[in-house]
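> Note that my numbering has the sequence shown beginning at -4, numbered continuously upward.
Backbone N, C-alpha and C fix where the C-beta goes; we use that ideal spot for every residue, glycine too.
Below is the structure I would like to discuss, written out as structure tokens.
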Amino acid sequence: MDNNCIFCKIANGEIPSSTVYEDEMFRVILDLSPATKGHALVLPKQHFRNIFDIDEKTASKLFVVASKVARAMKETLKCDGMNIVQNNEEIAGQTVFHFHLHIIPRYTDDGQNINWTPGSSKPEELQQIAAQIKSAL
Ligand code: 5GP
Ligand code: ZN
């Protein structure tokens, strides 16, 4: 637990939140500035800055929790779709430096646009990039 981290305090119940799910490793809360109705954040109780330092146990349980909550949202909020978003470092839009996964229910005509502009690629370039990444795995 990092005493200077607001999400540590929320995840561990020191600051109240609208909690939709809690277990020994995670708390899922509603976002204070929701993109859509039901926008939630999955917070590990342990402090990790982002994907670059999250541990294997937390990473492996994360989508079990996220999919559980996603199904509950679909059933109760009747959303038409869902975006799962996870920002890492400032350049990627991270503003709170405690790992969190956004679960954003989508509704027809909700006016949101969670997207990117597609680029272009050459097959040999993709092969080279794949080999580069693979070399560190
Ligand atoms: P990021 O931009 O880091 O991916 O997302 C941070 C998210 O946390 C934002 O969507 C923001 O609205 C939300 N947020 C920031 N502070 C609080 C807070 O104190 N409580 C809750 N519930 N959400 C917060
Ligand atoms: Zn933290």
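What residues match up with E17 in a beta bridge as DSSP calls it?
Bridge partners of E17: R22.
> Check the C-beta distance from V91 over to F21 and give it rounded, since I have them as a contact under 8 Å.
Contact doesn't hold; Cβ gap of about 16 Å is too wide.
> Just to be sure I understand the criterion: a residue counts if its Cβ is closer than 6 Å to at least one heavy atom of the ligand ZN. Which residues meet that?
Every residue passing the under-6 Å Cβ criterion appears here: D(-3), C0, F2, C3, H42 and H93.
> Expressed to the nearest angstrom, what Euclidean distance is found between the alpha-carbon atoms of T112 and E17?
Approximately 36 Å between the Cα atoms of the pair.
> Report the residue from G114, T103 and H97 whose alpha carbon sits nearest the alpha carbon of L27.
Nearest of G114, T103 and H97 to L27, Cα basis: H97.
> Under the rule that 16 or more other beta-carbon atoms within 10 Å means buried, what is V59, buried or exposed?
The residue is exposed, with fewer than 16 neighbouring Cβ atoms inside 10 Å.
> Below 7 Å, is the gap between the Cβ of T112 and the nearest heavy atom of the ligand 5GP?
Because no heavy atom of the ligand 5GP lies under 7 Å away, the Cβ of T112 does not count as near it: no.
> Work out the CA separation of P118 and D48 for me, nearest whole Å.
Whole-angstrom Cα-Cα distance: 31 Å.
> Would you tell me roughly how many angstroms separate the C-alpha atoms of P29 and I46, rounded to the nearest one?
Their backbone Cα atoms lie some 22 Å apart in a straight line.
> Between E70 and M(-4), what straight-line distance do the alpha-carbon atoms span, to the nearest angstrom?
For E70 and M(-4), the distance between alpha carbons rounds to 34 Å.
> Hey, out of H95, K56 and Y102, whose CA is closest to M68's CA?
The candidate whose alpha carbon is nearest that of M68 is Y102.
> Apart from the five residues on each side of it in sequence, which residues of its chain come closer than 8 Å, Cβ to Cβ, to I10?
Excluding sequence neighbours, I10 sits near I1 and K4.
> Examine chain D for any beta-carbon lying closer than 8 Å to the beta-carbon of E51, and answer yes or no.
No chain D appears in the structure shown, which is made up of a single protein chain.
> Compute the Euclidean distance between the alpha carbons of G8 and Q89, then round it to the nearest angstrom.
Distance between the alpha carbons of G8 and Q89 is about 22 Å.
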